[in-house]
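Colleague:
Protein chains in written order, with our numbering: chain G, 1037 to 1151; chain P, 3 to 119.
So this is what it looks like as structure tokens:
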């Protein structure tokens, strides 16, 4: 079974631009979560989508948004990029079974550099 | 709020030796799950092992075992027979509210493990 895929793997943008990152979950997984990893703040939860609905949201400004499609693929968008948005963005997918803790499996990440 | 603490920024171990990576957590929830992930320099997070708060036995997965001490709120990862390929950053993570919805993981700051010959 193919793992979580993320595109693009590397991205360079300038301040003020916007960017869209894509994530394809493991086949059959319906929950997709996004995390930001920086040297200063570590790993932080951005948001989670399930059945095309945002189910959880982390403490990030509204410039960070996402969506999920009917095939469970997800995109996240960052508008008006700032230097501090430079990070590794990780996507994770999992099954969703009420009452169970399903393991989240991560993709290889998208490394975003904002100049 | 939930919190994960990893007090060892870096650890060294000799090949074929065992090593313990520490993790303590803080939560008021009765139902939670604890995970360990490995992150090589390539960046991908690799799932290693999981322990549920109601699991009575310590979890094991091959060379990985989790020393779960609920009263002390600790969930240490033990790697037996270390290999050079185990050199990586290791993260402890927690998910609260197992019986509810949501998949938010809270991560610790990580421990950089270096396996030496």
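Every residue gets a Cβ at the ideal spot worked out from N, C-alpha and C, and that includes glycine.
Jot down the residue ranges of each uninterrupted beta strand (DSSP E) in the segment 65-115 of chain P, minimum 3 residues, whole runs only, in chain order.
Modeller: 66-71, 76-81 and 90-98
Colleague: Show which residues of chain G have a CB atom less than 7 angstroms away from the CB atom of residue 47 of chain P.
Modeller: 1126 and 1142
Colleague: Could you list which residues in chain P have their beta carbon closer than 8 angstroms to that of residue 1088 of chain G, in chain order?
Modeller: Neighbours of residue 1088 of chain G on chain P: none; closest Cβ ~15 angstroms, over 8 angstroms.
Colleague: In angstroms, rounded to a whole number, what distance separates the CA positions of residue 42 of chain P and residue 116 of chain P?
Modeller: C-alpha separation (whole angstroms): 11 angstroms.
Colleague: Chain G beta carbons: is any one of them nearer than 8 angstroms to that of residue 70 of chain P?
Modeller: no
Colleague: Measure from the C-beta of residue 1079 of chain G to each C-beta in chain P and report whether the shortest distance is under 8 angstroms.
Modeller: By the rule that beta-carbons nearer than 8 angstroms mark a contact, residue 1079 of chain G touches chain P.
Colleague: Please classify residue 1050 of chain G as buried or exposed, where buried requires at least 16 neighbouring CB atoms within 10 angstroms.
Modeller: exposed
Colleague: Residues of chain G with CB closer than 7 angstroms to the CB of residue 107 of chain P, please, in chain order.
Modeller: 1081 and 1140
Colleague: How is residue 54 of chain P classed by DSSP in three states: helix, strand or coil?
Modeller: Here residue 54 of chain P sits in strand by DSSP.
Colleague: At which residue ranges does the segment 1064-1118 of chain G contain complete beta strand (DSSP E) runs of 3 or more residues, listed in the order of the chain?
Modeller: 1067-1074, 1078-1086, 1089-1093, 1100-1104 and 1110-1114
Colleague: Does any residue of chain P bring its CB to less than 8 angstroms from the CB of residue 1101 of chain G?
Modeller: Answer no: the Cβ-Cβ gap between residue 1101 of chain G and chain P never drops below 8 angstroms.
Colleague: Figure out for me which residue from G:1133, G:1124 and G:1131 has the closest Cα to the Cα of residue 1147 of chain G.
Modeller: G:1124
Colleague: Check this for me: beta carbons of residue 26 of chain P and residue 7 of chain P, under 8 angstroms apart or not?
Modeller: yes
Colleague: If you measure from the beta carbon of residue 1145 of chain G to each beta carbon in chain P, is any gap under 8 angstroms?
Modeller: yes
Colleague: Run through the DSSP bridge pairs and tell me what residue 117 of chain P is partnered with.
Modeller: P:15
Colleague: Between the Cα of residue 1062 of chain G and the Cα atoms of G:1117, G:1109, G:1126 and G:1098, which residue gives the shortest distance?
Modeller: G:1109
Colleague: Rounded to whole angstroms, what's the CA-CA distance from residue 1112 of chain G to residue 1120 of chain G? Just pull it up for me.
Modeller: 17 angstroms
Colleague: When the Cα of residue 1126 of chain G is compared with those of G:1043, G:1037 and G:1090, which residue comes out closest?
Modeller: G:1043
Colleague: Residue 1052 of chain G by DSSP, collapsed to three states: which one?
Modeller: coil
Colleague: Please compile the residues from chain G whose C-beta is within a distance smaller than 9 angstroms of the C-beta of residue 52 of chain P.
Modeller: 1137 and 1139
Colleague: Buried or exposed: residue 78 of chain P, going by 16 or more other Cβ atoms within 10 Å of its Cβ?
Modeller: buried
Colleague: Just to confirm before moving on: does the CB-CB distance between residue 96 of chain P and residue 107 of chain P stay below 8 angstroms?
Modeller: For the 8 angstroms CB-CB criterion, residue 96 of chain P and residue 107 of chain P form a contact.
Colleague: For residue 1138 of chain G, which of helix, strand or coil comes out of DSSP?
Modeller: Residue 1138 of chain G falls in the coil class under three-state DSSP.
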